[in-house]
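Numbering (our numbering), first residue to last: 108 to 408.
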């Protein structure tokens with residue numbers, strides 16, 4: 108059994124111009140987690156939170172209550188904007204995130220996501236965006252479950268009834284559609300259900316990855332230039348450099364009808380970028396020095 112945990116960063120509100128400090132993107136991410144490992148992941152995540160932020164939990168008598176207090180990815184991201192990367196506070200946050208990614212790697216957690224970049228002056232269409240994204244995540248999860256010879260279910264972070272309805276109904280209609288093809292996700296047991304993140308370690312991990320890593324990377328690689336606001340802050344380059352390779356390796360890719368389905372995809376109406384990752388720079392041919400010419404002084408002392 109595997110669980111797909113879904114969380115998001117950003118919103119659908121319109122951005123009026125390139126310098127408007129509203130969020131220029133909505134990112135929705137899914138983590139694929141082996142259900143047998145959830146208990147160990149939870150224990151390790153609680154220990155990690157207590158080790159790096161002991162003051163936050165000093166009054167907690169029961170270890171499990173540590174999960175009730177979230178360390179929000181958006182708060183860590185704000186600190187990165189406010190302080191240089193050399194600040195000990197930032198390095199402390201980064202070591203915590205290193206620990207989160209180490210947990211993910213140790214337990215084989217896979218990542219998929221969709222980045223929606225906004226047009227100037229236009230709100231994202233909630234119904235369309237959440238329907239397309241939930242179905243794309245479910246489609247990749249279905250392929251993953253086939254690969255693993257497993258069954259699965261989807262737990263999404265509880266937002267509000269309208270958005271929850273879009274996510275659940277978009278999967279429900281594909282599971283119970285009539286006519287040609289039938290159930291699009293036969294390995295997924297039920298339409299998406301919703302959890303409160305302060306009782307799900309994996310939803311908190313999804314938030315940290317989405318808000319602390321994916322959003323800043325996309326801000327610098329996809330949105331910089333199109334937008335010049337706090338969400339494309341140059342301090343985020345430290346996140347790009349430190350985490351791009353690890354996030355790239357976490358992706359789950361699949362193929363459908365001969366077409367490659369990438370783990371993290373982008374809808375960018377401005378620069379038409381399709382990836383959040385830095386493009387490799389072409390190698391510059393090295394200059395070979397001309398051979399030295401013999402001189403009458405070569406033998407002089």
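The beta-carbon is built from N, C-alpha and C at its ideal position, and this holds for glycine as well.
- Excluding sequence positions up to five before and after residue 204, its CB lies within less than 8 Å of the CB of 183, 315, 319, 320 and 350, all in the same chain and listed in chain order.
- If you draw a straight line from the Cα of residue 125 to the Cα of residue 326, it comes to about 12 Å.
- Annotated as distal: residue 265 and residue 139, with beta-carbon spacing of 8 Å or more.
- According to DSSP, residue 367 shares a beta bridge with 362.
- For residue 207, the uninterrupted alpha helix (DSSP H) segment begins and ends at 195 to 213.
- At least 8 Å separates the beta-carbon of residue 330 from that of residue 121.
- The Cβ atoms of residue 377 and residue 339 do not sit closer than 8 Å to each other.
- By the C-beta criterion, the segment 109 to 123 is judged not to be in contact with the segment 185 to 201, since fewer than 3 inter-stretch pairs fall below 8 Å.
- The residues 119, 269, 270 and 273, in chain order, have a CB closer than 8 Å to that of residue 233 in the same chain once the five nearest residues on each side in sequence are set aside.
- Going by beta carbons, residue 174 and residue 308 fall inside the 8 Å limit.
- Annotated as proximal: residue 110 and residue 259, with beta-carbon spacing under 8 Å.
- Around the beta carbon of residue 323, 16 or more other beta carbons sit within 10 angstroms, so the residue counts as buried.
- When Cβ pairs closer than 8 Å are counted between the two stretches, the segment 141 to 157 is seen not to touch the segment 233 to 243, the count staying below three.
- The beta carbon of residue 300 sits closer than 8 Å to the beta carbons of 260, 261, 262, 263 and 275 from its chain, once the five residues preceding and following it are set aside; these are given in chain order.
- Counting the other Cβ atoms within 10 Å of the Cβ of residue 209 gives fewer than 16, which makes it exposed.
- Separation of residue 267 and residue 256 (C-alpha to C-alpha, rounded to the nearest whole angstrom) is 33 Å.
- With a contact defined as Cβ atoms closer than 8 Å, residue 343 and residue 187 qualify at about 7 Å.
- Residue 288 counts as exposed, since fewer than 16 other beta carbons sit within 10 angstroms of its beta carbon.
- Under DSSP, residue 109 takes part in a beta bridge, and its partners are 141 and 259.
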